[in-house]
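What follows is a set of notes on a single structure, which appears directly below.
Here it is, written out as structure tokens:
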């Protein structure tokens, strides 16, 4: 073993130790790698920073921007809604639907692309149903990686495989597009079963205070409020009757924040006392749970188990609560909300008014306002943004941040067009992935789907530096001969073993290599070596090569795979979380893969 090999191994052990101990953030570990590798002479200064401009890193930046554009136009809402419809409120069912969908999409496109494009929809599902995001993103990411095993073009290692099928100068029969599909189906199905059965035990519940959102925090502060309820008015109701006559606020302290009718498709998101309620209408209300059910029982209405007709409109990402303060020089000073026609003018619903001595939930439109009084308002985030952007002096000053943002649904066709163009270039025109995706990202900006500032803000730069810093470590591992040295020593020590035993060893070896170098690097290095070992052992060299390519996707124990790095920050994961959830899945992955090969191919 040469000196360079020893130094490379020491750097590798340092990186793994820092990842596990979490003394510094994972992206800082990667930056350390970029600095010490050239200082030790293991890579050139140029190679140390080539990772930041690599095809994989540029592709990730571009696909995140494309995903942000799709999210900004509301396209991803269309994806989230069917999942919620079929999954109900079952955490396990939602997880399987999300992860399974991404896994299938990943079979025909880069797994990092599938994960990045679907991540906004997954976050919306989490927020809408109150499921911890950490219970969804890791299964989604793992299944995006596994989905690449469904077809020959689903992941880089299997794309390379046919070019590497050469033994002793002879080209072996190439694999076809769906040769490995039975194995991929088994792997994806077993992963979904693994998370469905053990997800609650092995995944963290990342639903901390920060994830709860401003609306949830305000509901916790105002004791007379609870989550929005949807109430259905039966056909037997004698109406229509105006809200003022029904006295819902006065008698039950319940605020109606939306009125609609499924038959006509009508929806109103700011409510006035003169608005009528009739048979077949659906009301969205805010109030204490006990009072809401008492109100429904009094009028013979039905409280739905969850939001249905207003599910999208009142989702946390589209509407919510905000506290505002009557500012000095406000036009509201000395007036009531009724006198200034507040709901009609600002299209927001006053839910409560807090003065120095009390909180009013009833009669809020008739409280004479003073400087410093607090108004709790409900409505679409777009209306809040309009209120906040009004010229000074503003009637109200915001006391809480706004959760939502202004969507651009009119740009949805442009967003879908640029995504389709990027994928078309990749699949049909043989354009380099990074160039194709960046052209789609640029198109999003030029057509106004995103501003350039929004594009910059959408990129998770921690992910970029994490991957950019690990690439030179893989380069050092290969060009110093360390990887080849370890592989040869292990295979020499094993000697002759049965074919399935050799494949198990190859699977374990490839899995270990994939955790510290790129999956492509592990494939290129191990396929020729393992095929020659298969010939000597009497095993099938083609299937041994397939084991290498498939095992290169068995990368769940550390956040070194680009998909794991992508979901790490949004999911609030630590390295220990990957060790806990990924260890069992890695063992299951190898067992299922070898079992399917034994069953269908040997």
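Residue numbers (our numbering): 11 to 612.
By construction, the Cβ of each residue, glycine as well, lies at the ideal position given by its N, Cα and C atoms.
Neighbour-count burial assignment, residue i, 16 or more Cβ in a 10 Å radius
i, result
"residue 600", "buried"
"residue 220", "Bear in mind that the predicted position of residue 220 carries a pLDDT of just 43, short of 50, making it too unreliable to give a figure here."
"residue 312", "exposed"
"residue 137", "buried"
"residue 218", "Because the pLDDT of residue 218 is 34, which lies under 50, any placement of that residue in the model is unreliable, and the number read from its coordinates should be weighed accordingly. Exposed, by the Cβ-count rule."
"residue 12", "exposed"
"residue 133", "buried"
"residue 44", "buried"
"residue 240", "buried"
"residue 16", "exposed"
"residue 232", "buried"
"residue 355", "exposed"
"residue 498", "exposed"
"residue 428", "buried"
"residue 400", "exposed"
"residue 67", "buried"
"residue 245", "exposed"
"residue 340", "buried"
"residue 3", "Residue numbering for the chain in the displayed model covers 11 to 612; residue 3 lies beyond these limits and cannot be assessed."
"residue 284", "exposed"
"residue 82", "buried"
Other residues of its chain near residue i: CB distance less than 6 Å, five sequence neighbours each side excluded
i, result
"residue 47", "53, 58, 482 and 486"
"residue 540", "516, 554 and 558"
"residue 260", "372"
"residue 335", "384, 407 and 409"
"residue 268", "279, 294 and 320"
"residue 79", "425, 454, 459 and 460"
"residue 530", "166"
Nearest candidate by alpha-carbon position, reference residue i, set the options
i, options, result
"residue 478", "284, 576, 535 and 13", "576"
"residue 604", "555, 572 and 573", "555"
"residue 5", "515, 538 and 339", "Outside the shown range of the chain (11 to 612) lies residue 5, about which nothing can therefore be said."
"residue 127", "88, 144, 28 and 97", "88"
"residue 303", "340, 263 and 288", "263"
"residue 143", "175, 108, 159 and 232", "108"
"residue 74", "401, 160 and 444", "444"
"residue 392", "347, 369 and 332", "332"
"residue 116", "162, 103 and 79", "162"
"residue 461", "417, 530, 228 and 151", "417"
"residue 7", "156, 323, 72 and 80", "Examination of residue 7 is not possible in this model, given that the chain is present from 11 through 612 alone."
"residue 254", "266, 81 and 42", "266"
"residue 579", "471, 513, 386 and 522", "471"
"residue 200", "594, 236, 468 and 611", "594"
Residues near residue i by beta carbon distance below 7 Å, same chain, minus five either side
i, result
"residue 446", "432, 435 and 436"
"residue 430", "none"
"residue 545", "177 and 551"
"residue 26", "none"
"residue 606", "192, 193 and 196"
"residue 32", "584 and 585"
"residue 305", "258, 262 and 264"
"residue 250", "286, 287 and 288"
"residue 504", "515"
Nearest-angstrom beta carbon gap, residue j and residue i [assumed within contact, 8 Å]
i, j, result
"residue 105", "residue 205", "6 Å"
"residue 520", "residue 494", "Wrong, their Cβ atoms sit about 14 Å apart, outside the cutoff."
"residue 171", "residue 185", "6 Å"
"residue 297", "residue 243", "Incorrect: roughly 16 Å between the Cβ atoms, too far for contact."
"residue 275", "residue 329", "Not quite, the Cβ-Cβ distance comes to about 18 Å (not below 8 Å), so this is no contact."
"residue 22", "residue 526", "6 Å"
"residue 198", "residue 160", "7 Å"
"residue 480", "residue 40", "6 Å"
"residue 564", "residue 533", "That belief does not hold up - the Cβ atoms of residue 564 and residue 533 are roughly 12 Å apart, past 8 Å."
"residue 121", "residue 396", "That pair is no contact at about 40 Å."
"residue 10", "residue 327", "The displayed coordinates of the chain run from 11 to 612. Any statement about residue 10 would go beyond what the structure contains."
"residue 475", "residue 37", "4 Å"
"residue 214", "residue 587", "5 Å"
"residue 358", "residue 350", "12 Å between Cβ atoms; not a contact."
"residue 125", "residue 151", "5 Å"
"residue 512", "residue 549", "5 Å"
Close Cβ partners of residue i (< 8 Å) along its chain, the five nearest in sequence each way excluded
i, result
"residue 61", "44, 67, 477, 478, 479, 480, 481 and 482"
Unbroken alpha helix (DSSP H) runs of length 4 or more, entirely within the stretch 212–248: which are they? For the stretch 212–248, whole alpha helix (DSSP H) runs of length 4 or above, ordered along the chain, are 219–231.
Could I get the ranges of all uninterrupted beta strand (DSSP E) runs contained in the stretch 311–346, with 3 residues as the minimum, in chain order? Taking only runs of at least 3 residues, the beta strand (DSSP E) segments lying wholly in the stretch 311–346 are 329–336.
Residue ranges of each alpha helix (DSSP H) run of no fewer than 4 residues wholly in the stretch 121–159, ordered along the chain? Counting whole runs of 4 or more residues, the stretch 121–159 contains the alpha helix (DSSP H) stretches 121–139 and 144–157.
Would you list, in sequence order, the uninterrupted alpha helix (DSSP H) runs of no fewer than 4 residues that lie entirely inside the stretch 472–496? As for any alpha helix (DSSP H) of minimum length 4 sitting wholly inside the stretch 472–496, there is none.
Can you list, in chain order, the stretches of the alpha helix (DSSP H) that have 4 or more residues and sit fully within the stretch 376–436? For the stretch 376–436, the full-length alpha helix (DSSP H) segments reaching 4 residues or more read 391–398 along the chain.
Any chance you could list the alpha helix (DSSP H) runs of at least 4 consecutive residues sitting entirely within the stretch 520–570, in chain order? Taking only runs of at least 4 residues, the alpha helix (DSSP H) segments lying wholly in the stretch 520–570 are 529–547 and 551–561.
Pick out the complete alpha helix (DSSP H) segments inside the stretch 258–312, 4 residues or longer, and give them in chain order. List check, alpha helix (DSSP H) in window: 258–262 and 299–309.
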